[in-house]
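Colleague: Questions regarding the structure given below will be posed in turn.
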Amino acid sequence: MNIPPKKDLAVFVALLALGSSFSLFAQPAPPPGQHWEVVPALTDDFHAFDASKWQLKHPYWNGRPPSTFSPDNVRFTIGLMQLQMTVADTNQSANWMHAACVASLNKSFTVGMYSETSVKVADLSATTSFWMQGDYSEIDVIENFGTVKSNAFRYAETAMMSNTHYFTNNWSKDIATSKQFTNPNQDRNTARFFTYGVWWKNNRTVIFYRDGVEVGQVTTGGDFNEAMYLFFDMEPMSWGPGS
């Protein structure tokens, strides 16, 4: 039975895989007496770039060194959004790589929402990421590596890397909740499309999903009460896994 709109929860689905119909794969059951509704501003089949929903940049960050985001590194085909990394300087000086970022046009992701997307991770020593961020809080659904350079971090090739951050007192006092969820059969992240989902259930609870299965949840480092941008991007990492 439907309920008044003021009590509705919301659902986001972005299909990166081929196909034009929306399929809610990992969608959890809503609380009793409520139902899910699509949020058009955060829903797309990516047949083409839709400037009413997305921007081909990060609204307040140029990218992670040694790279910068470039709108030229985003492509749209039939039901597929492709992000890539390219070499900007063969001498590898300064920010010598160009990466890619697609962000929601507005801060439209809010508490109560569920979000999912189908992703095939790039086979690079860089992260393919699906995440949300506001002024003091962040939800990293995935920061997945395709390959790593260090044996000590080999686990990252076969794991869903998820996190939240709470940084009201700036990043130096960030409270993080890092999680690693090993893929079934230890499949590499690059092996196929995985569907990754997140339910921002309430201001202290974030639940992560992979291929229709809840893999874990976290209690955030503080109250997540703000609206967030939604991002897809690629980033090189200079720490353990290497770039």
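Counting from 26, one number per residue, gives the positions in the sequence shown under our numbering. Even for Gly, the Cβ is constructed at its ideal location relative to N, Cα and C.
1. Relative to the C-alpha of residue 263, which candidate in 75, 152, 94, 235 has its C-alpha closest?
2. If you compare alpha carbons, which of 91, 71, 217 is closest to residue 148?
3. Pull up the DSSP beta-bridge partners for residue 95, would you.
4. Based on the DSSP secondary-structure assignment, which residues constitute the bridge partners of residue 108?
5. Could you give the distance in angstroms between the alpha-carbon of residue 234 and the alpha-carbon of residue 178?
6. Between residue 74 and residue 238, what straight-line distance do the alpha-carbon atoms span, to the nearest angstrom?
7. Check whether the region 77-97 and the region 111-130 are in contact - that is, three or more C-beta pairs closer than 8 angstroms.
8. Suppose the cutoff is 6 angstroms on Cβ atoms and the five residues either side in sequence are ignored; what does the same chain contact list for residue 87 look like?
9. With a Cβ-Cβ cutoff of 8 angstroms, do residue 248 and residue 229 count as a contact?
10. Do the CB positions of residue 163 and residue 190 come within less than 8 angstroms of each other?
11. So, using beta-carbon positions, are residue 127 and residue 219 closer together than 8 angstroms?
12. Quick check on the burial criterion: 16 or more other C-beta atoms within 10 angstroms. Buried or exposed for residue 41?
13. Any idea what DSSP makes of residue 250, helix, strand or coil?
14. Of all the options 266, 267, 255, which has the alpha carbon lying nearest to the alpha carbon of residue 83?
15. Alpha carbon to alpha carbon, how far is residue 46 from residue 68?
16. Residue 253 to residue 71, Cα distance in whole Å?
17. Among 204, 146, 170, 201, which one has its Cα closest to the Cα of residue 265?
Modeller: Once the coordinates are examined:
1. 152
2. 217
3. DSSP, once it has assigned bridges, lists no residue as partnering residue 95.
4. 99
5. 23 angstroms
6. 30 angstroms
7. yes
8. 93
9. yes
10. yes
11. Their beta carbons are not under 8 angstroms apart, which means residue 127 does not touch residue 219 by this criterion.
12. No answer about residue 41 holds up, because its pLDDT of 36 lies below 50 and its placement is not dependable.
13. coil
14. 255
15. For residue 46, the predicted structure reports a pLDDT of 38, less than 50, and the residue's modelled location is therefore unreliable. A value from the coordinates is still provided. Those two C-alpha atoms are separated by around 11 angstroms.
16. 21 angstroms
17. 170
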